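There are 2 protein chains.
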Amino acid sequence: MKTLEEVAQRAAVSLATVSRVINNQPHVRPAIRERVLSAIRELGYVPNAAARTMVTRRTNIVGLMLPQVTWDWYGGDGTFYPMLLQSVSNACTVNERHLLLSTVPPGNPQMAREVLGGGHIDGVIASMFASADPVINLIATSHLPAVLIGRNPYYPELSWVDVDNFSSAQEAVSYLVRQGRRRIATLMLGTEGQAGVQRRDGYTRALLNHGLALDPALLLEPSRSGDDGYAAMQQLLDLPNRPDAVFAAADGMALRALDAIRERGLRVPEDIAVIGFDDQPSASRAGPPLTTVRQPIMEMGTQATALLLRLIDAPEAGPLHMVLPTQLVIRQSA
Amino acid sequence: MKTLEEVAQRAAVSLATVSRVINNQPHVRPAIRERVLSAIRELGYVPNAAARTMVTRRTNIVGLMLPQVTWDWYGGDGTFYPMLLQSVSNACTVNERHLLLSTVPPGNPQMAREVLGGGHIDGVIASMFASADPVINLIATSHLPAVLIGRNPYYPELSWVDVDNFSSAQEAVSYLVRQGRRRIATLMLGTEGQAGVQRRDGYTRALLNHGLALDPALLLEPSRSGDDGYAAMQQLLDLPNRPDAVFAAADGMALRALDAIRERGLRVPEDIAVIGFDDQPSASRAGPPLTTVRQPIMEMGTQATALLLRLIDAPEAGPLHMVLPTQLVIRQSA
DNA sequence: GCCAGCTTTGAGAGCGCTCTCAAAACAACA
DNA sequence: TGTTGTTTTGAGAGCGCTCTCAAAGCTGGC
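These protein sequences, in sequence, are chains P and S.
Convert by adding 181 to the 1-based position in the first sequence; the result is the number in this note's numbering.
Convert by adding 181 to the 1-based position in the second sequence; the result is the number in this note's numbering.
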């Protein structure tokens, strides 16, 4: 690997001058700048990142922490994290940052600790299921610029990008009521995260708003992994007084629910209406195409990156918050 | 941020001793080791990565280079790269490495150049569409340990993990012939990569083997982006002498083809049999469930990481090659 | 031609760590 | 207690870069 020194030698100037050229600083005569530039080109010189970091305390690397999760959580096609990742990655490229990805295994934040404390990154974006995930605490105590995907009740000092899960859920369920549905069930997300809590609360509020009874039997919480949405829907269908609509807090569950309903020979939406959440790609190709709440996932990643870069340049500007709009996409399942 | 020096001070020992403790080296009396360890704990000390890298020339970071592509290439559900990424990421975590992800925008390898030349990473795994992608050349000339996903005809010195695309395609098409199909079309991948070339060649060889005519009209190459597979299938259906089977070199295309066939009121597999490639999650949920060649994507990522770590420790051991088995998953579309 | 006031250039310290090498401490034995 | 041999400890150089500060070079006005 070439060093600054070799470039300096070849261009017959000092290290300082080469450094100035590399960093686009003034106070270099055009002729000399040209000479240095061609020395760099001829040698194929690329500055050593570690050495630069040593002195500037900057890495130009953004950290992204995601749970180590299988691609098909909630039985969906697993596009949430990939899309988030992709948008963050693209935003980093556009802004000339590198991306260090940490997928954190449950209960083992060792690598995350190393990343956060080791000066690896200038700032971090994180999306965890649980508000109380240890990783969030590590982030908060690291005092690194940070942006969460999804608000966190325990760390008001952290910045976040989120959607209004409460209103979105409320809107979806209200829509079902306006369609004449009266017995509306919900397939909930886990309530260890705010998304789960708020979507459930939005569901509840909509029922309350319309004077409908709250039946605990209609509130199910399938596990994240596997096809639990399918089993949960069967459970609902086994009820003596089965629901006439289901609000699923994730498309994956809605899709599995569709399967279960179809298997019983019931029609969607005639017998049971189904609404999902996310608008993942396969939602529009389901049978029938799924009515669902669209989350602007890519936009969330892009904005999170933008906020983070702002925080990196001006940490005192935080905490920053951004609520992105959702949209109820009405197709044929409700 | 805490430094070695502060730890040394608190434990009343020299820098060298603290360094020995941190790196689990011998020649430290147990009592002192304990004292240092608790100083580290009390201060919440984490070693500075850049400083370590400066002297060890090791970063413990693995680079992963992927094309900057939208999640739905070939109209699929975009799980190839996410799954690859996930398996590499998990393998890195298991092996206590960090992962630096670069999504390379077409025609702009600047960030990739920085990563490869700047001492950011100890080695790199790359999966590019085109064998001649400039990134591959950067990798080859960087002399960094590297493993490609998919063999490359131009750089025999590089290690790779791959499947036998030729035989897999041949097997799939032979299966169609054995099912009595005689006019078999193919929806090809782009031939700028070996996967595309070899799947096409396998298709050709299967026809040759069975004495079937090669009709250029039955060889279509839809573009990667968007729903070209759908349009291509329509084109095939418009043929005066339409095919009785289609071998699609990617599930996404196969799925779009299914749509096009259904829309014409034709039956799968009775009128036209369809075989895909990849076995992406939605393949099994298609109507009818898709017969397809399963690629062990996760396994490829895991093995690529394993090979890379081997190369990092012993560069002279390369180049390493590994061919993973595929499997023809027979469902109902053929 | 000389000097003030500018711009350009270079020397060298220092970032936080590892690792070599020599010194110090200890153990074993006579 | 002295000596040898072994283990433990610490001093300090050096990794490749940036950035400060002082020196050198240049310009223009007299």
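Glycine included, each C-beta is placed from N, C-alpha and C at the ideal position.
As the structure is a computational prediction, the values presented were derived from the model and not from experiment.
### Query
Is the number of C-beta pairs between the stretch 381-395 of chain S and the stretch 342-349 of chain S that are closer than 8 Å three or more?
With the rule of 3 Cβ pairs closer than 8 Å, the stretch 381-395 of chain S counts as touching the stretch 342-349 of chain S.
### Query
For the putative contact between leucine 399/P and arginine 437/P, defined by C-beta atoms under 8 Å, what is the C-beta separation to the nearest angstrom?
Rounded to the nearest angstrom, the Cβ distance from leucine 399/P to arginine 437/P is 17 Å, too far for a contact under 8 Å.
### Query
If you measure from the beta carbon of asparagine 229/S to each beta carbon in chain P, is any gap under 7 Å?
With respect to chain P, the C-beta atom of asparagine 229/S has a partner C-beta closer than 7 Å.
### Task
Give the straight-line distance between the Cα atoms of methionine 264/S and threonine 198/P, rounded to the nearest whole angstrom.
Straight-line measurement puts the Cα of threonine 198/P at about 46 Å from the Cα of methionine 264/S.
### Message
Under 7 Å, Cβ to Cβ, is there at least one residue of chain P near methionine 481/S?
### Response
Nearest CB-CB separation between methionine 481/S and chain P: not below the 7 Å threshold.
### Task
Output the residue ranges of the beta strand (DSSP E) runs that lie fully inside the stretch 226-271 of chain S and measure 3 residues or longer, sorted by chain position.
Entirely contained in the stretch 226-271 of chain S, the beta strand (DSSP E) runs reaching 3 residues are, in chain order, 242-248.
### Message
Assuming leucine 401/S and glutamine 416/S are in contact, meaning their beta carbons sit under 8 Å apart, how far apart are those beta carbons, in whole angstroms?
### Response
About 7 Å separates the beta carbon of leucine 401/S from that of glutamine 416/S, a gap short enough to meet the 8 Å contact definition.
### Query
Which whole-angstrom value is the C-beta distance of leucine 509/P and valine 455/P, which I expect to be below 8 Å?
In this structure, leucine 509/P and valine 455/P do not form a Cβ contact; the two beta carbons are roughly 13 Å apart against a cut-off of 8 Å.
### Query
With a cut-off of 7 Å, does the C-beta of proline 315/P fall near any C-beta of chain S?
Against chain S, the CB of proline 315/P has no partner CB under 7 Å away; the residue lies outside that interface.
### Task
Could you work out which residue in Gln375/S, Ala487/S, Tyr356/S, Leu395/S is closest to glycine 457/S when comparing CA atoms only?
Ranking the options by Cα distance to glycine 457/S, first place goes to Tyr356/S.
### Message
Residues of chain S with CB closer than 9 Å to the CB of valine 296/P, please, in chain order.
### Response
Per Cβ cutoff of 9 Å: Ala230, His279.
### Task
List the residues that DSSP assigns as beta-bridge partners of threonine 472/P.
According to DSSP, which records beta bridges pairwise, threonine 472/P is partnered with Ile456/P.
### Query
By Cβ distance, which residues of its chain are closer than 6 Å to lysine 183/S, with the 5 residues on each side in sequence left out?
Cβ neighbours of lysine 183/S beyond the five flanking positions: Leu224, Tyr226.
### Query
From the beta carbon of serine 463/P, is the nearest beta carbon of chain S less than 7 Å away?
Among the CB atoms of chain S, one or more fall inside 7 Å of the CB of serine 463/P.
### Task
With DSSP as the reference, label serine 219/P as helix, strand or coil.
Of the three classes helix, strand and coil, the one that applies to serine 219/P here is helix, per DSSP.
### Task
Go through the stretch 358-429 of chain S residue by residue and report every complete run of the beta strand (DSSP E) that reaches 3 residues or more, in order.
Segments of the beta strand (DSSP E) lying fully in the stretch 358-429 of chain S: 365-368, 426-429.
### Query
Where do the ends of the beta strand (DSSP E) carrying alanine 189/S lie?
That residue, alanine 189/S, is in no beta strand (DSSP E); its alpha helix (DSSP H) goes 185-192.
### Message
Under 8 Å, with one C-beta from each stretch per pair, do the stretch 211-219 of chain S and the stretch 236-255 of chain S reach the 3-pair mark?
### Response
With the cut-off at 8 Å, the stretch 211-219 of chain S and the stretch 236-255 of chain S do not touch.
### Neighbouring residues, chain P, relative to leucine 185/S (Cβ below 7 Å)
Under the 7 Å cutoff, chain P gives no residues; its nearest Cβ is about 13 Å from leucine 185/S.
### Query
Under the rule that 16 or more other beta-carbon atoms within 10 Å means buried, what is proline 397/S, buried or exposed?
With fewer than 16 other CB atoms across the displayed protein chains lying within 10 angstroms of its CB, proline 397/S is exposed.
#### Entry: Whole-Å CB distance - alanine 293/P paired with serine 283/P, under 8 Å assumed
Indeed, because the Cβ distance is near 5 Å, the residues count as touching under 8 Å.
### Message
Cβ closer than 8 Å: which chain S residues qualify as neighbours of leucine 503/P?
### Response
In the sequence on display, residue 503/P carries methionine and not leucine. Per Cβ cutoff of 8 Å: no residues; methionine 503/P is ~23 Å from chain S at best.
### Task
May I have the straight-line CA-CA distance separating valine 328/S from asparagine 271/S, to the nearest angstrom?
Straight-line measurement puts the Cα of asparagine 271/S at about 17 Å from the Cα of valine 328/S.
### Message
Using the Cβ count rule (16 or more neighbours within 10 Å means buried), how would you classify proline 228/P?
### Response
It counts as buried.
### Cross-strand partners of histidine 502/P (DSSP beta bridge)
DSSP output for histidine 502/P lists Trp341/P as bridge partner(s).
### Query
Is the Cβ of proline 263/S closer than 7 Å to any Cβ of chain P?
It does: the Cβ of proline 263/S has a partner Cβ on chain P nearer than 7 Å.
### Query
Could you give the distance in angstroms between the alpha-carbon of asparagine 333/S and the alpha-carbon of tryptophan 341/S?
Spanning the two alpha carbons is a distance of roughly 8 Å.
### Query
Is the beta carbon of aspartate 432/P sitting closer than 7 Å to the one on alanine 464/P?
Against a cut-off of 7 Å, the Cβ pair of alanine 464/P and aspartate 432/P comes out as a contact.
### Query
Is the Cβ-Cβ distance between phenylalanine 428/P and alanine 353/P less than 7 Å?
One thing to note: phenylalanine 428/P has its Cβ within 7 Å of the Cβ of alanine 353/P.
### Task
Give, in chain order, every residue of the stretch 230-249 of chain S whose Cβ lies closer than 7 Å to some Cβ of chain P.
Of all residues in the stretch 230-249 of chain S, Ala230, Ala231, Ala232, Thr234, Met235, Gln249 have a Cβ within less than 7 Å of some Cβ in chain P.
### Message
For chain P, check one thing: does any of its Cβ atoms lie closer than 7 Å to the Cβ of histidine 324/S?
### Response
With 7 Å as the cut-off, histidine 324/S does not count as an interface residue toward chain P.
### Task
Return the Cβ separation of threonine 260/S and glycine 259/P in integer angstroms, given the expectation that the two are a contact with Cβ distance under 8 Å.
Contact between threonine 260/S and glycine 259/P holds, with the beta-carbon distance rounding to 7 Å and staying under 8 Å.
### alanine 515/S - DSSP class collapsed to helix/strand/coil
Of the three classes helix, strand and coil, the one that applies to alanine 515/S here is coil, per DSSP.
### Message
Would you say leucine 282/S lies against chain P (beta-carbon separation less than 7 Å)?
### Response
Output row for leucine 282/S: interface = yes.
### Query
Within 7 Å (strictly less), CB to CB, does valine 292/P reach chain S?
At residue 292/P the sequence reads methionine, which differs from the valine that was named. Yes, contact with chain S.
### Query
Excluding five sequence neighbours on each side, which residues of the same chain lie with their C-beta closer than 8 Å to the C-beta of arginine 239/S?
Taken in chain order, the residues that qualify are Arg233, Asp303.
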